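Data first, discussion second: the structure below is written as structure tokens.
In the numbering used here, the protein residues as written are 10 to 138.
Structural data, given as structure tokens:
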């Protein structure tokens, strides 16, 4: 077992878990697109970036194993700014023209875009395909 802190909440979790698994098991949401519990870790989307104190850079929660004493921040300004940048890149060729989409509003991309203020990204051109 590992004692960790996520956003001020002290938790005791299985030391073999990743940050995203430990967070989910304790009701803490970390946004993600590419992670799934039954798949191997790809870490491609970068939406699950979190800050771990004493580490120099943000890390992906889906690919970082918890360690005893780890202090994790999932929603501070540094993390939020990184997620906004990720959303900006994801939306380059995917404008939020949701009324014509088959998902009809049941879409993580749309939810995260609105949450992370990526609605008005600077790339003004339309869809490529």
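In this text, a Cβ means the ideal position worked out from N, Cα and C, and glycines have one as well.
Bear in mind that the values here come from a model prediction, so they are computed numbers and not experimental data.
{"query": "Pairwise C-alpha distance: residue 102 and residue 137", "result": "With a pLDDT of 48 at residue 137, under the threshold of 50, the modelled position of that residue is not reliable, and the figure given next carries that caveat. The alpha-carbon atoms of residue 137 and residue 102 are separated by roughly 6 angstroms."}
{"query": "Which of helix, strand or coil DSSP assigns to residue 100", "result": "coil"}
{"query": "Alpha carbon of residue 60 to alpha carbon of residue 110, nearest angstrom", "result": "34 angstroms"}
{"query": "Touch test, the stretch 73-80 against the stretch 88-96, Cβ-Cβ under 8 angstroms, three pairs minimum", "result": "no"}
{"query": "Status (buried if at least 16 other CB within 10 Å, exposed otherwise) for residue 127", "result": "Unreliable placement is indicated for residue 127, whose pLDDT of 47 sits below 50; the coordinate value is still reported in the next sentence. By the 10 Å Cβ count, residue 127 comes out buried."}
{"query": "DSSP three-state assignment for residue 13, whether helix, strand or coil", "result": "strand"}
{"query": "Residues near residue 134 in its chain [Cβ-Cβ closer than 7 angstroms; skip 5 each side]", "result": "Because residue 134 carries a pLDDT of 44, less than 50, the predicted location of this residue cannot be relied on, and the following value inherits that uncertainty. None."}
{"query": "Residue of 117, 122 and 79 minimising C-alpha distance to residue 96", "result": "122"}
{"query": "Reference residue 62; option with closest CA among 45, 37, 16 and 23", "result": "16"}
{"query": "Proximity of residue 54 and residue 45 at Cβ, strictly below 9 angstroms", "result": "no"}
{"query": "Which listed residue (125, 29 and 13) has its alpha carbon closest to that of residue 43", "result": "29"}
{"query": "Rounded C-alpha distance that separates residue 85 from residue 58", "result": "11 angstroms"}
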